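For reference, the structure is listed below as structure tokens.
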Amino acid sequence: MVQATARHILVDSEEKCQTLKTEIENGRDFAEVAREHSSCPSGRQGGDLGSFGPGQMVREFDEVVFSADLNKVQGPVKTQFGYHLLEVTSRG
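Going by full-length UniProt numbering, the residue at position 18 of the sequence shown is 18; the numbering climbs one at a time, nothing skipped.
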């Protein structure tokens, strides 16, 4: 089964998500931004979600994680939890 590792940042608005994405694209460290802004407990680990397979995360996550380019910030991705920035760090 295909597995992926990813990290994410969860915030409550699309605008905040886009602002943080711009900061990261301009050179700010993803993990640092996650620790400062993510409302998910994974934020304490720089947004690291560990390794998981298809179907273990919400559908919107799966669609991005199992199709997006590696090591490129994706989002905003809206789920029932809020707005996410996602970075797929490996897949195989």
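Every residue gets a Cβ at the ideal spot worked out from N, C-alpha and C, and that includes glycine.
The model shown is predicted, which means the values in this text are computed figures rather than measured ones.
- C-alpha of D29 to C-alpha of M1: approximately 31 Å in a straight line.
- Counting only residues of its own chain and dropping the five nearest sequence neighbours on each side, D12 has a CB closer than 6 Å to the CB of G82.
- Taken in chain order, the complete beta strand (DSSP E) segments of 3 residues or longer contained in the UniProt domain "PpiC" (1-90) are 4-11, 48-52, 73-79.
- Excluding residues up to 5 positions away in sequence, V73 lie with their Cβ nearer than 8 Å to the Cβ of E25 in the same chain.
- Taking C-beta separations shorter than 6 Å and ignoring five residues to either side along the sequence, the partners of T79 in its chain run V58, E60, following chain order.
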